[in-house]
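Protein chains: 2
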Amino acid sequence: MDVKKTALDILSVALKAADPYHCIKKYVRIEHGSIVIDGITYPSVEYPKVMVVGAGKASARMAQALEDVLGDRINGGWINTKDDHAVPVQYIHVHECGHPVPDERGLTGARHIREILTEADDHTLVIGLLSGGGSALMPAPVDGITLKEKQDITSLLLKSGAAINELNAIRKHLSTLKGGGMARLAYPARLHMLILSDVIGDKLDVIASGPGVSDSSTFQDCLDICERYNIMDSLPENVKSRFIDGSQGKIPDTLKEGDTVVLSAVNSLIGNNRMSVEAARSYAGKLGYNTLVLSTMIEGEASDVGTVLSSVALEIMETGNPIKKPACVICGGETTVTIRGKGKGGRNQEMSLKVAQRLRGIENFMFLSAGTDGTDGPTDAAGGIVDGNTVLQGEEKGFDCYRFLDNNDSYHYLEAVDGLIKTGPTGTNVMDIQILLVGRP
Amino acid sequence: MDVKKTALDILSVALKAADPYHCIKKYVRIEHGSIVIDGITYPSVEYPKVMVVGAGKASARMAQALEDVLGDRINGGWINTKDDHAVPVQYIHVHECGHPVPDERGLTGARHIREILTEADDHTLVIGLLSGGGSALMPAPVDGITLKEKQDITSLLLKSGAAINELNAIRKHLSTLKGGGMARLAYPARLHMLILSDVIGDKLDVIASGPGVSDSSTFQDCLDICERYNIMDSLPENVKSRFIDGSQGKIPDTLKEGDTVVLSAVNSLIGNNRMSVEAARSYAGKLGYNTLVLSTMIEGEASDVGTVLSSVALEIMETGNPIKKPACVICGGETTVTIRGKGKGGRNQEMSLKVAQRLRGIENFMFLSAGTDGTDGPTDAAGGIVDGNTVLQGEEKGFDCYRFLDNNDSYHYLEAVDGLIKTGPTGTNVMDIQILLVGRP
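These protein sequence lines are chains A and B, in that order.
Position one of the first sequence corresponds to residue 4 (our numbering), numbered consecutively onward.
Position one of the second sequence corresponds to residue 4 (our numbering), numbered consecutively onward.
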């Protein structure tokens with residue numbers, strides 16, 4: 004059997020497990036007339052009205068699946084998604100907005116979502132559909148503060164070197180939907196969030212800025228952060244006074260643990276990198292591979308991660324550690340690339356080429372790395388797939404692997420040696436997946 | 004039981020397994036009056052004379068152990084070692100020389116070694132003792148070429164961006180001992196090399212530049228390399244003509260596979276990173292840990308390797324992949340650090356601090372990374388040992404972990420939080436070892 008095809012088949016299984024449509028169908032069903040979500044039953048007598056809200060790159064497709072399951076039980080709803088990510092739906096309004104930079108359309112959509120949440124009463128079940136990009140796609144600055152002001156503060160903090168959790172604290176305190184805002188607005192309606200995670204660790208207060216969960220940061224933290232980065236004097240007056248008023252208890256803080264609202268909102272993770280990796284592992288096991296999941300939280304410089312995975316491959320070949328041949332090692336997460344050159348590529352392609360370089364000429368392995376959303380960097384490829392011949396083939400064409408790596412030009416190298424993976428947009432995003440095969444079953 | 008002590012105990016076991024003294028004693032013995040090395044018997048009637056030669060940072064201590072085993076069966080010998088690495092010996096001469104830059108003392112010592120090899124006849128058993136640093140410690144340029152000329156070409160190539168294997172090809176073709184030279188000079192005496200590996204992959208033609216094994220590079224390669232990097236015109240005339248004569252077959256090339264000399268020389272690897280890692284794993288298993296050897300060929304940027312190992316730790320905690328708690332994950336190899344700051348540290352300390360930063364506040368793990376030679380970068384520490392409290396402790400002292408990492412100042416951070424490992428010089432070098440403990444038995 005063709006090992007390259009095997010590796011790509013295993014990847015397909017992983018992608019299918021992350022398909023928003025598949026995930027929704029796995030977690031939502033109708034049983035004896037009641038809606039059942041992730042094991043919780045919502046009888047129609049108690050919740051005669053069902054509304055759907057949400058935002059994210061995969062949320063339109065989630066809405067489509069939800070309609071397939073619940074049909075006319077859905078009374079309406081609104082989803083903000085990214086341009087070109089809309090899909091046909093019947094009961095829910097799907098609205099395309101700017102991403103990654105929020106725009107007016109996002110604001111308009113967020114207003115509609117707020118209206119739905121505000122109108123929902125205790126006989127309404129609100130189903131929230133969150134996925135990656137949800138934060139930028141659902142901009143909802145508090146009254147009196149413009150989107151522009153919010154963005155200015157964010158870029159000011161970014162330039163000052165603020166950490167991502169500090170940025171998030173500020174954002175949440177300037178938003179009506181983030182930091183538990185959706186849960187608060189929905190109350191006393193019942194809110195059940197269905198979440199597709201695109202972040203390492205699947206932290207619910209991070210995905211789409213945590214609209215359905217409590218937030219541990221406070222107004223006082225916001226003041227501290229602004230002081231730490233010396234931007235107090237650059238803050239617009241209304242923002243500054245909001246932070247001060249908030250720290251003095253004059254304005255309610257973001258949703259806090261223990262609040263009745265928190266207790267009434269349910270958040271279900273229905274898809275993440277780990278579920279995809281486990282599906283891939285299970286399939287590889289059926290094919291006869293010894294399988295090992297290294298981690299689903301891989302971060303770091305893509306090429307260095309590639310170097311480490313090459314080291315693992317070599318060890319498998321030489322000693323059968325950490326797992327014996329035929330071996331399938333799977334991991335996932337999201338790496339980064341420090342741009343040094345002017346080439347074309349992405350983190351998955353760069354990692355793959357690095358593995359190819361380090362395992363040049365070595366037989367009996369196959370390695371791939373791919374973004375589950377079907378895109379990798381600014382390219383039309385999802386990632387790269389390589390073996391011991393990859394660099395030998397490149398050399399025959401006069402390609403110097405080191406130079407392509409130095410120039411961050413993995414795309415053109417892999418393109419020339421049939422090493423690109425092209426899936427097209429998958430409609431989901433649960434970060435990246437790596438599959439390493441050593442030996443054959 | 005104190006987990007920190009447990010981790011350090013496991014490290015001690017690894018270090019002991021790499022101790023040159025221990026390694027020699029494991030591979031050399033006298034049986035019924037015959038010398039037995041790595042399973043090969045050398046009867047005294049056949050080999051009445053035993054000479055010992057070698058070079059490397061651990062080679063003096065290897066010589067000492069050899070004397071302990073063979074005593075007056077040794078008729079003499081010469082070892083080049085690094086300054087302050089000499090130990091008391093009785094039959095073998097131990098000679099200290101410059102390292103990492105070769106010097107006159109190295110040249111003198113290499114001449115003595117050449118004499119011993121040249122004089123050895125077919126009734127002589129020559130035992131070679133090689134370890135890391137052996138190449139620089141045993142400079143033996145061919146007649147008519149000075150050490151200075153050899154060094155100039157090397158630095159010229161380094162500046163031109165030549166790869167390490169290209170440098171090695173050039174070096175071997177300008178040396179009488181490298182690239183199988185020792186084996187050739189020793190012939191028809193029997194040569195048995197005992198080798199402690201300090202390189203990834205344990206390639207015998209790389210350790211100490213492969214004095215006892217064949218070499219695949221040729222004089223023609225040397226010409227190609229010099230042309231590739233445009234240094235032909237900068238070569239001294241004698242070097243240039245040597246390469247040209249060699250490529251035309253007028254001078255014998257380095258030792259090639261299939262040569263009678265190669266067949267008569269035996270090379271035994273008596274210590275390497277893998278043996279140390281396996282010893283550590285076996286000990287951890289006895290302590291009740293589930294053990295996993297990830298790889299003994301880890302390379303890459305130290306902090307990124309730390310990030311990957313943190314990802315593995317988190318996965319163990321959350322899902323029991325790649326191994327269930329109580330888990331002991333061990334790996335080894337040699338990472339690198341891209342210097343960005345002006346602080347003090349080493350690759351092991353930097354990796355440890357990165358793990359500490361990423362696993363800040365997380366309970367129930369311990370991580371260490373240490374150089375088996377007892378030194379890590381230009382510091383008096385062998386490496387670092389950290390847990391979830393490391394960064395919390397640092398914060399109490401007002402230390403910003405990110406800034407210390409950015410400044411490559413892991414030493415001062417770890418020093419302040421009792422996170423340094425200090426073993427003192429161990430007398431060996433089988434690269435670095437990482438030990439990750441999650442949970443307790």
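Idealized CB from N, CA, C, for every residue including glycine.
What you are looking at is a predicted structure, and each value in this text was computed from that prediction instead of being measured.
- [ ] Label R114(B) either buried or exposed according to how many other C-beta atoms from any shown protein chain fall within 10 Å of its C-beta, with 16 as the threshold for buried.
- [x] The residue you call residue 114(B) lines up with position 111 of the second sequence. It counts as exposed.
Task: Per-residue contacts from I301(B) into chain E (C-beta, under 7 Å) - done: Absent from the structure is chain E; the protein chains it does hold are A and B.
TODO: Tell whether a beta-carbon distance below 8 Å holds between T339(A) and A373(A).
DONE: On the first sequence, residue 339(A) is found 336 positions in, with the first residue counted as 1. On the first sequence, residue 373(A) is found 370 positions in, with the first residue counted as 1. Contact: no.
TODO: Might you give, ordered along the chain, the residues of its own chain that have their beta carbon closer than 6 Å to the beta carbon of A287(B), omitting 5 neighbours on each side?
DONE: For the purposes of this step, residue 287(B) is taken as residue 284 along the second sequence, with counting starting at 1. Answer for A287(B): I13, T294, C331, listed in chain order.
Open item on the list: By the three-class DSSP mapping on this structure, what secondary structure does E169(A) have?
Closed with: Taking the first residue of the first sequence as position 1, residue 169(A) is located at position 166. Secondary structure at E169(A): helix, using DSSP grouped into helix, strand and coil.
TODO: Could you check if P381(B) is buried or exposed, using at least 16 other CB atoms within 10 Å of its CB as the buried criterion?
DONE: Translated into positions along the second sequence, residue 381(B) becomes position 378. Around the beta carbon of P381(B), fewer than 16 other beta carbons sit within 10 angstroms, so the residue counts as exposed.
Task: Given S217(B) as reference, the closest of E152(B), S267(B), R64(B), I319(B) once Cα atoms are compared - done: As a working mapping, residue 217(B) is identified with position 214 in the second sequence. Among E152(B), S267(B), R64(B), I319(B), the Cα nearest to that of S217(B) is on S267(B).
Task: N-terminal and C-terminal residue of the beta strand (DSSP E) that I198(A) is part of - done: Counting from one through the first sequence, the residue named residue 198(A) turns up at place 195. It spans 193 to 199 - the beta strand (DSSP E) in which I198(A) sits, taken as one unbroken run.
- [ ] Keeping to the same chain, check which residues put their C-beta closer than 8 Å to that of N324(A); ignore five residues upstream and five downstream.
- [x] As a first step, residue 324(A) is located in the first sequence; it is residue number 321 there, counting from the start. These residues qualify, in order along the chain: E318.
TODO: Check the DSSP bridge columns for C334(A) and list the partner residues they point to.
DONE: Counting from 1 along the first sequence, the entry for residue 334(A) is found at position 331. The partner list for C334(A) (beta bridge, DSSP) reads S298(A), Q437(A).
- [ ] Can you grab the Cα-Cα spacing for the pair L356(B) / V16(B), in whole Å?
- [x] Position 353 of the second sequence holds residue 356(B). Position 13 of the second sequence holds residue 16(B). Distance between the alpha carbons of L356(B) and V16(B): 23 Å.
Open item on the list: Let me see if you follow: with CB-CB separation under 8 Å, is D3(B) close to chain A or not?
Closed with: Here chain B covers residues 4 to 444 and nothing more, so residue 3(B) does not appear.
Open item on the list: Counting only beta-carbon separations shorter than 8 Å, does N324(B) have a partner in chain A?
Closed with: Numbered from 1 along the second sequence, position 321 holds the residue referred to as residue 324(B). N324(B) has a beta carbon lying within less than 8 Å of a beta carbon in chain A.
Task: Residues that F402(A) bridges to, as DSSP identifies them - done: Position 399 of the first sequence holds residue 402(A). None; F402(A) has no bridge partner.
TODO: Pull out every residue of the region 363 to 383 of chain A whose Cβ sits closer than 8 Å to any Cβ of chain B, in chain order.
DONE: Within the region 363 to 383 of chain A, no residue qualifies.
TODO: Measuring only between beta-carbons, confirm whether G80(A) sits less than 8 Å from chain B.
DONE: Taking the first residue of the first sequence as 1, we reach residue 80(A) at position 77. Not one chain B Cβ lies under 8 Å of G80(A).
- [ ] Between the Cα of A384(A) and those of G391(A), D390(A), D376(A), spot the shortest distance and give me the residue it belongs to.
- [x] Translated into positions along the first sequence, residue 384(A) becomes position 381. Out of G391(A), D390(A), D376(A), D376(A) has the C-alpha closest to the C-alpha of A384(A).
- [ ] If I'm right that Y190(B) touches V145(B) with Cβ under 8 Å, what's the distance once you round it to whole angstroms?
- [x] Position 187 of the second sequence, counted from the first residue, corresponds to residue 190(B). Position 142 of the second sequence, counted from the first residue, corresponds to residue 145(B). Not a contact, Cβ separation roughly 18 Å.
Open item on the list: Based on DSSP bridge pairs, tell me the residues matched to G386(A).
Closed with: Reading the first sequence from its first residue, position 383 is the one you call residue 386(A). G386(A) is bridged to A373(A), I424(A).
TODO: Specify the secondary structure class of I326(B) as computed by DSSP and reduced to three states.
DONE: Translated into the one-based positions of the second sequence, residue 326(B) becomes position 323. DSSP places I326(B) in coil when its eight states are reduced to three.
Open item on the list: Counting only beta-carbon separations shorter than 8 Å, does L295(B) have a partner in chain A?
Closed with: Here residue 295(B) is taken as the residue at index 292 of the second sequence, counted from 1. Yes, its Cβ sits closer than 8 Å to a Cβ of chain A.
Open item on the list: Can you pull the chain B neighbours of G391(A), defined as C-beta to C-beta under 8 Å?
Closed with: Residue numbering aside, residue 391(A) sits at position 388 when the first sequence is read from its first letter. Per Cβ cutoff of 8 Å: no residues; G391(A) is ~15 Å from chain B at best.
TODO: Report yes if the C-beta distance between G309(A) and Y414(A) is below 8 Å; otherwise report no.
DONE: Within the first sequence, the letter at position 306 stands for residue 309(A). Within the first sequence, the letter at position 411 stands for residue 414(A). Not in contact: G309(A) and Y414(A) (Cβ atoms no closer than 8 Å).
- [ ] Would you mind working out which of I77(B), V394(B), M300(B) sits nearest I203(B), comparing C-alpha positions?
- [x] For the purposes of this step, residue 203(B) is taken as the residue at position 200 of the second sequence. Ranking the options by Cα distance to I203(B), first place goes to M300(B).
Task: Alpha carbon of I148(A) to alpha carbon of N241(A), nearest angstrom - done: Within the first sequence, numbered from 1, the residue matching residue 148(A) stands at position 145. Within the first sequence, numbered from 1, the residue matching residue 241(A) stands at position 238. Between the C-alpha atoms of I148(A) and N241(A) there is a straight-line separation of about 7 Å.
Task: Contacts of G288(B) in chain A (Cβ-Cβ under 9 Å) - done: Here residue 288(B) refers to the residue found at position 285 of the second sequence. Using a Cβ-Cβ cut-off of 9 Å, G288(B) is close to nothing in chain A; its nearest Cβ partner there is about 13 Å away.
Open item on the list: Quick test of the definition: if touching needs 3 or more C-beta pairs under 8 Å, does the region 16 to 35 of chain B touch the region 39 to 54 of chain A?
Closed with: no
Open item on the list: Please state the DSSP three-state secondary structure of I119(B).
Closed with: Sequence index remark: in the second sequence, residue 119(B) carries index 116 (1-based). Helix, per DSSP.
Open item on the list: For S244(A) and L226(A), which I take to be in contact (beta-carbon distance under 8 Å), what is that distance rounded to the nearest angstrom?
Closed with: As a working mapping, residue 244(A) is identified with position 241 in the first sequence. As a working mapping, residue 226(A) is identified with position 223 in the first sequence. Not quite, the Cβ-Cβ distance comes to about 11 Å (not below 8 Å), so this is no contact.
Open item on the list: Please tell me whether E318(B) has its Cβ less than 8 Å away from any Cβ of chain A.
Closed with: To locate residue 318(B), count along the second sequence from 1; it is residue 315. Judged by the 8 Å Cβ criterion, E318(B) is in contact with chain A.
Open item on the list: Run through chain B and tell me which residues come within less than 8 Å of S298(A), C-beta to C-beta.
Closed with: Taking the first residue of the first sequence as 1, we reach residue 298(A) at position 295. The contacting residues are V311, S314, V315, L317, E318, N324, P325.
Open item on the list: Going by DSSP, what residue range makes up the alpha helix (DSSP H) through N241(A)?
Closed with: Counting from 1 along the first sequence, the entry for residue 241(A) is found at position 238. Counting along the chain, the alpha helix (DSSP H) containing N241(A) begins and ends at 240 to 250.
Task: D403(B) at chain A interface by Cβ criterion, 8 Å - done: Position 400 of the second sequence, counting from 1, holds the residue named residue 403(B). Chain A contact via Cβ: absent.
- [ ] Find out if the Cβ-Cβ distance for the pair N432(B), A61(B) is shorter than 8 Å.
- [x] Taking the first residue of the second sequence as position 1, residue 432(B) is located at position 429. Taking the first residue of the second sequence as position 1, residue 61(B) is located at position 58. Yes.
Open item on the list: Quick check for students: name the residue ranges of the beta strand (DSSP E) that lie wholly in the region 67 to 137 of chain B, counting only runs of 3 or more.
Closed with: With a minimum length of 3 residues, the continuous beta strand (DSSP E) runs that stay inside the region 67 to 137 of chain B are 79 to 85, 96 to 100, 127 to 133.
Open item on the list: By the DSSP assignment, the alpha helix (DSSP H) with S285(A) in it spans what residues?
Closed with: Locating residue 285(A) in the first sequence gives position 282, counting from the first residue. First-last of the alpha helix (DSSP H) with S285(A): 276 to 289.
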